[in-house]
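Heads up: take any position in the sequence shown, counting from 1, add 67, and you land on our numbering.
All C-beta atoms, glycine included, are put in the ideal place defined by N, C-alpha and C.
Predicted model only: the values in this text are computed from it and were never measured.
What follows is a single structure, written as structure tokens, with notes after it.
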Amino acid sequence: MTPDSITERFPAIEKLAPTLTTLAKKHGTPLYVFDRGEVEKNFRAFRDAFATEKLPLEIFYAMKSNYYGGMLRTVIAEGGGIDASSHRELELALAAGARKIIYTGPAKSEADFELILRHADSIAVNLESRRELKLLSSMAAKKKLAVRCGVRVVTGQQKGWSKFGIALKDLPSFLREARKLPGLDFQGIHFHISLNRTPERYVGTLEELSSTLKELTAEERAGIRYLDMGGGYIPAAFEGVPGWNPNQEMKFVGEDLDPMEVVGKDWNPRYTVPPVSPIGDFAQEISAALRAHIFPLLPHVQMYAEPGRFLCHSSMHMLFTLMDLKDTRMGVTDGGTNMIGWEKYQCYHYVPLFDLTHFSLTREVPFVLYGSLCTPDDVWGYYLHASEIQEGDLILLPYQGAYTYTLSQQFIKDIPPVVDLA
Ligand SMILES: Cc1ncc(COP(=O)(O)O)c(C=O)c1O
């Protein structure tokens, strides 16, 4: 991955510009625009990477990364399932028509299990503790059900993630207890590791898991029918690290950050893009590790994955209007960063911004683009692609769909509507 991963999308942005301008005229701004074609492309890239390795894989989209209904329906139409992690998410998934669901997430309550049991045909539950195990067993047994379930394990590769699941060393005793309890069809093992730029930690987890699987009897292993390797696959990201803040430190305006100082200096480079292994490399190395360490012990296991970011990262565009030009290097848009819920572009990530009214692919000028919230910590970025800049211009923040809309909040302003690109 090179900085070209950003610039190579510029021609696609130029093509989108007329449609986005029409949508902004029709629906007003601020606006989220959902781009279904991107999701189809991402889904197929993920699926095909593993298919090339001859690894059958069920994909369960982690909807926490973007819960928009169109997003869910697109994944389902592609043949995917949904990974839901709360009562709210499960209801949204069911409403979108999901019939293949993995339910994950810590501290499940009786109310969560009530809803799960009402849809037990469509759901496998990844359990997180012995309390959950016993509670699900007693509730399911009363209803004379046999609920598909598994357990989440934490290995040495998930440092700092000890609040989740059970320690890998406790897997044999957990499995033996689960198999004795009524109401359960205990059949799965789950792990998750976030934000992987390379396949290394998946491979490490599979190696550790194989040692523990060897402690089980052949009969105990034969009952393990799914292995769910979670999400965490970083896409060839359409975002960079700002040159002025290479360590991505949290910085707040009025404390240690003066935006005018950022635009006042010539940063070289303006941004960098940290390397990410292509999804084909993830598929290749994970498949090799499965063949070496897992399939000899679990020859019939079905593999599951729960990609979130990978599927939705490019699924949404955001549109704003430049309301007030305060200076040649500063302006305020109608959309505020309540649309993304945090200071992502203020100090953490660089993403190019485009003036669609005065469009330029090549001319990117220093310009502090603020949102309209009553706080100075409301910055979209420090550069704008524009041939010139005027009040009333339509501004695009393209291809930002992961952990943005889903983190939006009603801070001061309403959450703007979402419209579909086509
Ligand atoms: C259990 C589980 N699965 C999948 C995901 C999705 O991760 P990502 O969006 O990084 O693919 C998460 C994210 O935190 C998760 O907790």
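{"Asked": "Reduced DSSP category for Phe-117 - H, G, I as helix; E, B as strand; rest coil", "Found": "helix"}
{"Asked": "Boundaries (first-last residue) of the alpha helix (DSSP H) holding Leu-184", "Found": "177–185"}
{"Asked": "Endpoints, the alpha helix (DSSP H) within which Lys-393 is located", "Found": "Note, Lys-393: premise wrong, no alpha helix (DSSP H); beta strand (DSSP E) at 383–394."}
{"Asked": "3 or more residues per run - each beta strand (DSSP E) lying fully within the stretch 396–443", "Found": "397–400 and 431–437"}
{"Asked": "Where the beta strand (DSSP E) containing Glu-75 begins and where it ends", "Found": "Per DSSP, Glu-75 belongs to no beta strand (DSSP E) and is neither H nor E."}
{"Asked": "Local Cβ density within 10 Å of Ile-479, reported as buried at 16 or more and exposed below that", "Found": "exposed"}
{"Asked": "Residues that DSSP places opposite Val-221 in a beta bridge", "Found": "Ala-234"}
{"Asked": "Neighbourhood of Glu-105 by C-beta distance below 8 Å, restricted to the same chain and skipping five residues each side", "Found": "Ser-381, Ser-382, Tyr-466 and Gly-468"}
{"Asked": "Inter-residue spacing [alpha-carbon to alpha-carbon] between Gly-250 and Glu-81", "Found": "56 Å"}
{"Asked": "Gln-476 vs Gly-408 beta-carbon contact at 8 Å", "Found": "yes"}
{"Asked": "C-beta contact flag for Arg-264 and Pro-341 at 8 Å", "Found": "yes"}
{"Asked": "Ala-191 and Gly-255 closer than 8 Å at C-beta", "Found": "yes"}
{"Asked": "Whole-angstrom distance between Asn-193 and Leu-182, CA atom to CA atom", "Found": "15 Å"}
{"Asked": "Separation of Ala-285 from Val-446, as counted between CA atoms", "Found": "58 Å"}
{"Asked": "Residue environment, Pro-199, which counts as buried when at least 16 other CB atoms sit within 10 Å", "Found": "A small fix is needed here, since residue 199 is Glu in this sequence, not Pro. Glu-199 comes out buried."}
{"Asked": "Meets three-Cβ-pair contact criterion under 8 Å: the stretch 447–466 and the stretch 385–394", "Found": "yes"}
{"Asked": "Inter-stretch contact (C-beta, 8 Å, three-pair minimum) for the stretch 448–455 and the stretch 423–436", "Found": "yes"}
{"Asked": "Buried or exposed (CB count within 10 angstroms, at least 16 for buried), Ala-453", "Found": "buried"}
{"Asked": "Within 8 Å, strictly: CB atoms of Glu-275 and Gly-331", "Found": "no"}
{"Asked": "Three CB pairs or more closer than 8 Å across the stretch 312–327 and the stretch 363–373", "Found": "no"}
{"Asked": "Cβ distance (whole Å) where Glu-306 is taken to contact Val-221 below 8 Å", "Found": "About 29 Å; that fails the 8 Å criterion."}
{"Asked": "Burial state of Glu-158 (16 or more Cβ within 10 Å)", "Found": "exposed"}
{"Asked": "Own chain, CB closer than 8 Å to Arg-215, minus 5 neighbours either side, in chain order", "Found": "Ala-187, Ile-190, Ala-191, Val-192, Asp-252, Gln-254 and Gly-255"}
{"Asked": "Distance between beta carbons of Thr-473 and Tyr-134, contact taken as under 8 Å", "Found": "6 Å"}
{"Asked": "Proximity of His-360 and Gly-297 at Cβ, strictly below 8 Å", "Found": "no"}
{"Asked": "Which of helix, strand or coil DSSP assigns to Ala-191", "Found": "strand"}
{"Asked": "Residue span of the beta strand (DSSP E) that contains Gly-66, given as start and end", "Found": "Outside the shown range of the chain, which is 68 to 489, sits residue 66, and nothing can be said about it."}
{"Asked": "Cβ-based burial, Met-138 [other Cβ within 10 Å; buried from 16]", "Found": "buried"}
{"Asked": "Closest residue to Ala-289 among Leu-242, Leu-87 and Ala-112 (Cα-Cα distance)", "Found": "Leu-242"}
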